[in-house]
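Working notes, beginning with the structure itself.
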Amino acid sequence: MSPDLRTRLGSVHLDNPVLTAAGCAGTGRELAAFFDISRIGAVITKSVMLEPRAGRPAPRVAETPSGMLSATGLQGPGVEVFLQRDLPWLLSRGGRAGVSLAGSGVAEYAELARRVSEAPGVSFLEVNLSCANPSDQGRHFTDDPREAARVVHAVRSHARSDVPVFAKLAADVPDPVALAEACAEARADGLSLVNTVRGMAIDPRSLRPAVAGGMGGVSGPAIRPIAVGCVYEVHAALPELPIIGSGGVRTGADVLEFLAAGASAAAVGTVNFHDPSACVRILREVEEALTEHGVRRVADVIGAAHRPMGAPLGGADAPGGA
Amino acid sequence: MSPDLRTRLGSVHLDNPVLTAAGCAGTGRELAAFFDISRIGAVITKSVMLEPRAGRPAPRVAETPSGMLSATGLQGPGVEVFLQRDLPWLLSRGGRAGVSLAGSGVAEYAELARRVSEAPGVSFLEVNLSCANPSDQGRHFTDDPREAARVVHAVRSHARSDVPVFAKLAADVPDPVALAEACAEARADGLSLVNTVRGMAIDPRSLRPAVAGGMGGVSGPAIRPIAVGCVYEVHAALPELPIIGSGGVRTGADVLEFLAAGASAAAVGTVNFHDPSACVRILREVEEALTEHGVRRVADVIGAAHRPMGAPLGGADAPGGA
Amino acid sequence: MSDFGPVQIRCPVLSVRRVDAYYAITVVAPQIAERFRAGQFVAVAVGGEASAMLLRRPFAVHDVKPDYGGTVEFLFSVRGAGTSWLSERRSRDLLDVVGPLGRPFPLPRDPVNCALVGGGSGGAPLFPLAHALRRRGCRVDFLLGGASADRVFSAITARRVAETATFTTDDGSFGVRGPVTAPLGRVIEEARSDVVYACGPMPMLREAGAVAARHGIPLQVAVEETMACGTGLCMSCVVPVVGEDGVTRMVRACVDGPVFRGERVRFDDVGTIPFDALGAPGWKARPEPGDGMADRAAG
Amino acid sequence: MSDFGPVQIRCPVLSVRRVDAYYAITVVAPQIAERFRAGQFVAVAVGGEASAMLLRRPFAVHDVKPDYGGTVEFLFSVRGAGTSWLSERRSRDLLDVVGPLGRPFPLPRDPVNCALVGGGSGGAPLFPLAHALRRRGCRVDFLLGGASADRVFSAITARRVAETATFTTDDGSFGVRGPVTAPLGRVIEEARSDVVYACGPMPMLREAGAVAARHGIPLQVAVEETMACGTGLCMSCVVPVVGEDGVTRMVRACVDGPVFRGERVRFDDVGTIPFDALGAPGWKARPEPGDGMADRAAG
Ligand SMILES: Cc1cc2nc3c(=O)[nH]c(=O)nc-3n(C[C@H](O)[C@H](O)[C@H](O)COP(=O)(O)OP(=O)(O)OC[C@H]3O[C@@H](n4cnc5c(N)ncnc54)[C@H](O)[C@@H]3O)c2cc1C
Ligand SMILES: Cc1cc2nc3c(=O)[nH]c(=O)nc-3n(C[C@H](O)[C@H](O)[C@H](O)COP(=O)(O)OP(=O)(O)OC[C@H]3O[C@@H](n4cnc5c(N)ncnc54)[C@H](O)[C@@H]3O)c2cc1C
Ligand SMILES: Cc1cc2nc3c(=O)[nH]c(=O)nc-3n(C[C@H](O)[C@H](O)[C@H](O)COP(=O)(O)O)c2cc1C
Ligand SMILES: Cc1cc2nc3c(=O)[nH]c(=O)nc-3n(C[C@H](O)[C@H](O)[C@H](O)COP(=O)(O)O)c2cc1C
Ligand code: FES
Ligand code: FES
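What follows is the structure, encoded as C-alpha cells:
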C-alpha cells in the first residue's frame, strides 16, 4: 500500500507536501514542460507586487559551493497581469496556487492581500517579508518583529478570511523565534521558513563583487542545515503553527528532514534550476522513503525529530496531519 | 619574480596570509605530519579554556552539502597543559602562534588573556566570543554587543600591550557591523570573521538530530558567501581594522576572495579535515593567482572589491599592507 | 510533456574529442535531436550526483545526427570547474542534459544571401543554421573569429558549407588580424547579403549590429548571457529588449532568446536597467487599459 | 614529513572488484604500503574535485602487496553517496588517500594463540593482523559474522590463514545463526586462546569484552566511530577511555585508536560524557601538581 501523502497547511488540505518555493518556479508554466504541475502539493508563485518591476541589473547570480547567490530584485509584471494571465493559467492546469506577496509598504501589502485573495482559486497567501521597508531606512521588514507584525496584521485583515496567510521569514534575523512569535500574534496562520541568507561572492577574475550591487541571497543545499535548524527551533517554540520549510531541498530525504524538524510541507527552490523535474522525482523519493521507514502517513513524520529517540514515528500527536 | 606575500595583522607582521582557523588544526602537531608548519602565516590554536574540558557527547559531527555540522563543545586540556606542552611544541617548530581564548565569563577571559599573553612567543590573541555567557542565560557573548565589548575590554586590559587582540565574531548575529563597532570601541586591535553558523541536520535513518544536542555549527565552503559578505560589510564600515577572514576557504582563489572583501589574512578551517595538506597547496595557489593577476604584493588585494571596477589592484591606499 | 518543449534526459556520451582548443562531446539524445532547431542550446548538469556545482552549463548545439536514433554534439573550451569536469567524460558516461532550449533562428522563406558571423565558441550555433539555410537554397558566407588560430571554430566545415569563409584572429595567427566584425562590411557588399546572423560576446554583437545597420539589412543575434537555469525560471539572464510596442522590457535570454532581432537589443544598456524599461525604478504605470498585458509580446 | 606518520597521495586505482556484498578497491600507494601495520586505516576523499562531500571516508586496510612498488586494498559496502561514488571508480582513476592512520594492533612477542573476531566489514583489518600473527608463529582462530552470507568477510581466506574459522549470520544463511560473539567462548576454550582481537560495531565489541573477561584473557579492539578527518584534528571521534592513571578521558579514535585495550574502553558510556571523565561538566581540577600533563598517556 502506498503511503498517504496528504498534509495540511492550516485550513488548506494538500495532496502532498512537495511545493515549489516562491520565485523559483514562476507560476508553473516553465516547469509544466517537464511534468504535470497538478501532481505537486502546490505552486508558490513568484512574489507579486502591485506594479510591474524590472528588477536588478545583471549579473544577477553567481554559483557558490552547493548553492548560488542571487539578486534578481523581484522582477515581475505586477498584480494585474498576474491575476489576468498567470494565475488563471496555473489553475487551468489543475495546479494549487499559494500566492506570494511583496509590498513596498504596509498599504501595498494590504491592497495585494485584498485583490489576490478575492481571486477565485487561491489556496493560501505567503507574505514575503524580506522586502525593503521604506519607513525603516530600507531595512527588511524581517529585521524588526514589530514591522513584520504590522505587515502580517494588515494582510490578515484585508485577505479573505478563508484564505490562510503564511508569513515568510529569513533565518539570518536577530531572533527567528521572536520574529515568528510576533507574526503568530499578528494572526499569521502559519510560517514559511526560510528565505535566502545574505551573502556575497567575489569574481575570481575581476576581484569585484560577482553580482551587481554586491550583496545577494544565498540559496540551495548549502543553506539547508541553517534552514532546518530554524524550522526546528521555531516549531519547538510554536508547535501549533504549520510551517512551510524551504532551503536547499534536493531529495525526498531532504523533505523528510524538514518535516521531521517540524514543517508540514517543504518547498523546492533553487534545485528547480538544476533539475526541472526535481519536484516529481522528490515526490517519488518521499514515497519510497516512507515505505522504507514503514510509515503509512507522511503527516506522522511531522515533528519527529522533537520526539525522544526510539519513539515510534506517527501517532495522534503529530500536528498538521491530514 | 614571485609576489610578496607578507601581510600585517595590526602590529604583527606575517610571512603570508594563510592561517589555520581555531579548532581546526589543534596546535599544529597533526598537520606537521603533512607539511612544515613554519611555512604558513600562523597557526590559530584551538580555543583554550582555563580548565580541562571533555566537550559534548558523540555524535559530534554530520556532513552537510559542501560543509559540515559540528558540536564538539570546546574539548581541550586547559590552559596549563596548553602553556606547558602545546604552545612550546608549536614554537619549537618555528610556527607562529595566534592563541584563541574561550571563557565562561569575563573574569575567565581576563585571566586567560594575562596568562597566555605573558607566555613568550604568542603573536596575537583571538577572543572566541561564541561561548555561552552564564550571566545572559547562556546566550552567546556575540548576541549582545555590550557583553561582547565587556569581554574584549577585559582581554585587552589584561593582555600584554604588545600582543594584538582579535575579536572573533559570528555572522548570524543581529547586526554584525554593530557588533564589530562595539568590539572596536572596546579596543580590539582587529576582528576575526566568521565563526560557524547555527544549524541542524537530521539523520535520514532515525529522523532524529544527527548531532547530539540538536543544534550545531555549520562550517565549510557552504558558508563562504555568508562569511565573505560579512567581511565586506564590516570592512566597509571599519576600513582601518584588520580582519582575519574564515569560512570555507578551500583554494587560493578563496583566500583572494576574502582579501578582496577586506580581510588581511584568511584562515583555513574545515578544509583541513578534508585535505590535511590544504594550507601549503593554498599558499602555492595564492602565489600563482597573484602572478596571473600581475599583482606583486598580496597586500594590494586587500579591499580590492570595494574599489570601483577597473581601478588597478594595489596602490598606497591598501590597508594592512606589509 | 509537449512535443515541442524541452526534455530532460540522462544521455550516454558517445564520444569526447579534442578539436583545436575545444572539446566536442556527442551524446545520444533522440528526443532532443528530433526537436532541435538551429540556434537552440542545451543545459548540462556538471560534477556528478554529489556535485557542489548547482548550476547547469549552457552550450549551443553544434550538430545533430540521425545515428543511434539521434545524437547531439556541442563544443566547448575549458573555462572553469564545470567545463573541466566535462572534458574528463568518457564514452558511455551518462550526462544529464536539458534541451533543446530557447528560440531558434528564424529562417527566411526565400533563398536569400546570409552572412554568418561568429566569435569564438559563438561559432557553434551557426553550423546547424548554415545547413538549414543551404537546404532552403540560401547563399551562406561565413565569418569566424577567435583569439588565436586554435580558437577559430571548425574552419574546415565552414569552408565546405559556405560560399566564402573569412577568418580572423586577435593575434593574426590565422586569417586576418583583428575583430571578426572588421571584414563584415566587405563581405556584405561582395556577397550582396540580405541578412546577418551573429553569435558571440555582446560587444561583437553590437558591432555587427552597427555594420548591418550601415548596410540597411536586418540582423539576428544569439546572445550568451550568464544563465543559472536555462529554462526561464530564475530571471538571471535578462537583457533589455525593445518590444513591438516600443516598450523596453528586461527579457530572459534563455526562453525569450537567445535569438533576438539585433535592432531590438539595447546593447549599450546591457548590464543596466534602462530608466525607461518597464518597471524600472521611478517607472510609472501608464493608465491605458490592458497595458500590463503587452509584456506577453516581449522579445 | 616523517617516515612513520601518514602521507597524503593521489593514487591510481589498480582494480575495483565485487566480492559478495562488498567492493574491493586496490590502489597503488607505495608510501602507504611501506608504512602500514595491521589495524591501521586509510581516509579517502570522495566525489571528485567539485564534490559537495567534504568529509573523507575511513576504511580499514584489508591487504597490502609489494606489486607496483606497493599496493593497498580496502573493502567496503555501499552505504551512502560516498561509498556509492567509490563503487563506480574504474582502474586508472585517481583517488586522494591519506594513510596509514591510527595505532596498529599490538603484536605479542611470543607465539601465542589468538582469536580474531570480526563483525561485517569489521573483519577487514583482521586479515593483515592474521598474517602478521602467523609470521610470528601465533595460532589464529577466526570468527566472522555478518547479517547474511554475502556479508561475511573473505571466508575463504579466513579458512586458509586460520587454524579454525567459525562463521555466523543473523539470518542463518551461512554458518551458525546468531551474533559472532556467541561461539567466542567455545573457540577460546577449544583453541586455548591467549588473547582476543575484535573489530566491529560497539555492541559487538562490548560483548566480546565480556566473553574475554569471563575467560580472563586480554582483548584488543578496533573501534569504528564516525570520523570527520581521521587525522586527529576535528575531535569528532571521541570515546571514553580509562588511562593508565585510572582517569577517564575522551580520546580520539582516529589517532589514539582505533585500537584500544578492550578493558580500557567504557563501552557502556560510549555516546555520553561520563560524569567522572576529565573535564566533564561539574568536574573539578584536582590540586595535585602536574596533573594536567597526565593526559599525554591517554588511551
Ligand atoms: C546560450 C549559451 C550558449 C553557449 N554555448 C557555448 C558553446 O557552444 N561553447 C562554449 O564553449 N561555451 C558556450 N557558452 C558558454 C559556457 O556556458 C561557459 O563557458 C560555461 O558555462 C563555463 O562553465 P565553467 O564551469 O567551466 O566556468 P566557471 O567560470 O567556473 O562557471 C561559473 C558559472 O558561471 C557561468 N559562466 C561562466 N562563463 C560563462 C559564459 N561565458 N557564458 C555563460 N555563463 C558562463 C557558468 O555557467 C557557471 O554558472 C554558452 C553560453 C550560453 C549562455
Ligand atoms: C576506522 C574505520 C574503519 C572502517 N573500515 C571500513 C571497512 O573496511 N569497510 C567498510 O565497508 N566500512 C568501513 N568503515 C565504515 C565506512 O567508513 C562507512 O561505511 C562510510 O564512511 C560510509 O560513507 P557513505 O558516504 O557511503 O555513507 P553516508 O551515510 O552517506 O555517510 C555520511 C557520513 O557519515 C559517515 N559514516 C557513515 N557510516 C559510517 C560508519 N559506519 N562508520 C563511520 N562513519 C560513517 C561517513 O563517513 C560520512 O561522513 C570504517 C569506519 C571507520 C571509522
Ligand atoms: C532566484 C531566486 C528568486 C527568489 N524569489 C523569491 C520571491 O520572489 N519571493 C520569496 O519569498 N522568496 C524568493 N526566493 C527565495 C526562495 O523562495 C527560497 O525561500 C530560498 O531560495 C531557499 O530555498 P532554496 O534553497 O530551495 O532555493 C527566491 C530565491 C531565488 C534563488
Ligand atoms: C570542529 C570545529 C571546531 C572549531 N573550534 C573552534 C574553536 O575552538 N574556536 C573558535 O573560535 N572557532 C572554532 N571553530 C570555528 C572555525 O575556527 C571557523 O571559524 C569556522 O569553522 C569557519 O571556517 P571554515 O568554514 O573554514 O571551517 C571550529 C570549527 C569546527 C568545524
Ligand atoms: S537562465 Fe534562468 S531564466 Fe534564463
Ligand atoms: S576523526 Fe577527526 S579527530 Fe578523529
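Residue numbers (the UniProt record's numbering), protein chains in the order written: chain A, 1 to 322; chain B, 1 to 322; chain C, 1 to 299; chain D, 1 to 299. Cβ coordinates follow ideal geometry from the N, Cα and C atoms, glycine included.
For residue i, write down the residues that DSSP places opposite it in a beta bridge.
i: B:Gly-217; result: B:Ser-70 and B:Arg-198
i: C:Leu-75; result: C:Ala-24
i: D:Gln-220; result: D:Tyr-197 and D:Arg-261
With DSSP as the reference, label residue i as helix, strand or coil.
i: D:Ala-280; result: coil
i: A:His-153; result: helix
i: A:Thr-7; result: strand
i: C:Cys-114; result: strand
i: D:Arg-134; result: helix
i: C:Met-235; result: coil
i: A:Cys-24; result: coil
i: D:Met-250; result: strand
i: B:Ser-192; result: strand
i: D:Gly-299; result: Confidence at D:Gly-299 is low in this model, with a pLDDT of 33, below 50, so the placement of that residue should be treated as unreliable; the coordinate-derived value is given next. Coil at D:Gly-299, not helix or strand.
i: D:Ala-228; result: coil
i: D:Ile-156; result: helix
i: B:Thr-64; result: strand
i: D:Gly-145; result: strand
Given 7 Å as the limit, tell me if residue i has its C-beta closer than that to any heavy atom belonging to ligand 1.
i: B:Phe-35; result: no
So is the beta-carbon of residue i under 7 Å away from any non-hydrogen atom of ligand 4?
i: B:Ile-223; result: yes
i: C:Val-187; result: no
i: A:Val-61; result: no
Can you determine whether any heavy atom of ligand 3 sits closer than 7 Å to the C-beta of residue i, and answer yes or no?
i: A:Ala-22; result: yes
i: A:Gly-41; result: no
i: A:Met-200; result: no
For a test of your reading of the model: does the CB of residue i fall under 7 Å from any non-hydrogen atom of ligand 7? Yes or no.
i: A:Gly-303; result: What this structure holds is ligand 1, ligand 2, ligand 3, ligand 4, ligand 5 and ligand 6, not ligand 7.
What residues from chain C crowd round residue i, counting only those whose CB sits closer than 9 Å?
i: D:Glu-49; result: Gly-47, Ala-81, Ser-84 and Trp-85
Which residues of chain A have a Cβ atom closer than 7 Å to the Cβ of residue i, listed in chain order?
i: B:Thr-64; result: Arg-224 and Pro-225
i: B:Arg-208; result: Ala-305 and Met-309
i: B:Ile-202; result: Val-228, Glu-257, Ala-260, Ala-261 and Ala-305
i: B:Asp-172; result: Asp-172
Give the residues of chain B in contact with residue i, contact being defined as C-beta atoms less than 8 Å apart.
i: D:Met-202; result: Within 8 Å Cβ-Cβ: nothing; D:Met-202 doesn't reach chain B, min ~11 Å.
Quick one: which chain D residues come within Cβ less than 9 Å of residue i?
i: B:Arg-60; result: Thr-226, Ala-228, Cys-234, Met-235, Ser-236, Cys-237 and Val-238
Is there at least one non-hydrogen atom of ligand 2 closer than 7 Å to the beta-carbon of residue i?
i: D:Glu-224; result: yes
Going by the C-beta, is residue i closer than 7 Å to any heavy atom of ligand 6?
i: D:Arg-252; result: yes
i: B:Ala-210; result: no
Run down chain C in chain order and give the residues with a C-beta less than 7 Å from the C-beta of residue i.
i: D:Ala-52; result: Ala-50, Ser-51 and Ala-52
At a threshold of 7 Å, does residue i count as lining ligand 5 (C-beta to nearest heavy atom)?
i: A:Met-215; result: no
i: D:Cys-11; result: no
Counting only Cβ pairs nearer than 7 Å, list the residues of chain B close to residue i.
i: A:Ala-253; result: Pro-204
>> Ignoring anything shorter than 3 residues, give me the beta strand (DSSP E) runs that lie fully in the stretch 85 to 137 of chain B, in order along the chain.
In response: 97 to 101 and 122 to 128
> Where in the UniProt domain "FAD-binding FR-type" (6 to 107) of chain C do unbroken runs of the beta strand (DSSP E), each at least 3 residues long, occur, reported from the N-terminal end onward?
Replying inline: 7 to 19, 22 to 28, 41 to 44, 57 to 60, 63 to 65, 71 to 76 and 94 to 101
> Which residue spans inside the stretch 28 to 56 of chain B form an unbroken alpha helix (DSSP H) run of at least 4?
Replying inline: none
> Which runs of the alpha helix (DSSP H) spanning at least 4 residues fall entirely within the stretch 208 to 253 of chain B, listed in chain order?
Replying inline: 224 to 237
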